[in-house]
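Asks: Supplied in structure tokens, the structure appears directly below.
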Amino acid sequence: GPAEARALLDSDFAPWVAGMGLEPLALGPARAEFRLPDSRALALRGGPGAGVTCGQALAAVADTACVLALSGANGRFRICTTTDLSISFLRPLRGAAAVSVEIESNGRRMAVCRVRIAAEGQDKAAALATASFLYPGEA
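Take the numbering used here: the final residue in the sequence shown is number 439, and no numbers are missing along the way.
Here it is as structure tokens:
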């Protein structure tokens, strides 16, 4: 569940990834929900985009949310490696965000997820991503 996902994030992920503050809310067999709090550390510092969550952070959030969602669906952390991550940035994101993951496929060797990131309380997505993962060494 969410507590196990948070513990995994704190114990196994790089400190800067855990430091993004991604909050697991619900993890199920095919879907997971997260909250990304508003963070100056993830926002652009200057120029016309000042205060907008940077694209690099959103890509990291998408990847991280997928790994946590797969761990929840599998009932344990299976070592996996990202083989593909594609993200479309649709509109600027300011403030906290809702992150949802749909697990499209979760097999013995591969998994594929879709991610939607939207400003908290908004219907329109700020970013959409798809990601593929390999479970190495498993048959």
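We put the beta carbon where it would ideally sit given N, CA and C, even for glycine.
Counting along the chain, where does the beta strand (DSSP E) carrying Asp384 start and finish?
Replies: Locating residue 384 in the sequence shown gives position 84, counting from the first residue. For Asp384, the enclosing beta strand (DSSP E) covers residues Thr381 to Phe389.
Asks: For Ile403, count the other beta carbons within 10 Å of its own beta carbon; 16 or more makes it buried, fewer makes it exposed. Which is it?
Replies: Your numbering for residue 403 matches position 103 in the sequence shown. In the assembly as shown, Ile403 is a buried residue. Its beta-carbon has 16 or more other beta-carbons within 10 Å.
Asks: Taking the straight line between their C-alpha atoms, what separation do you get for Leu325 and Gly346?
Replies: For this step, residue 325 is matched to residue 25 along the sequence shown. For this step, residue 346 is matched to residue 46 along the sequence shown. A straight line joining the alpha-carbon of Leu325 with that of Gly346 spans about 32 Å.
Asks: Using the three-state DSSP reduction, which class does Ala398 fall into: helix, strand or coil?
Replies: Looking up residue 398 in the sequence shown gives position 98. Ala398: strand per DSSP, three-state reduction.
Asks: Excluding the five sequence neighbours on either side, which residues of its own chain have a C-beta within less than 7 Å of the C-beta of Pro329, listed in chain order?
Replies: Position 29 of the sequence shown, counting from 1, holds the residue named residue 329. Cβ neighbours of Pro329 beyond the five flanking positions: Ala373.
Asks: Measure the CB-CB distance between Leu336 and Ala305 and report whether it falls below 8 Å.
Replies: Within the sequence shown, numbered from 1, the residue matching residue 336 stands at position 36. Within the sequence shown, numbered from 1, the residue matching residue 305 stands at position 5. No. Outside cutoff.
Asks: Enumerate in chain order the residues of its own chain whose CB-to-CB distance from Arg378 is below 6 Å, with the five nearest sequence positions on each side excluded.
Replies: Working through the sequence shown from its first residue, we reach residue 378 at position 78. If we look at Arg378 and ignore the five residues flanking it on each side, its Cβ neighbours are Tyr435.
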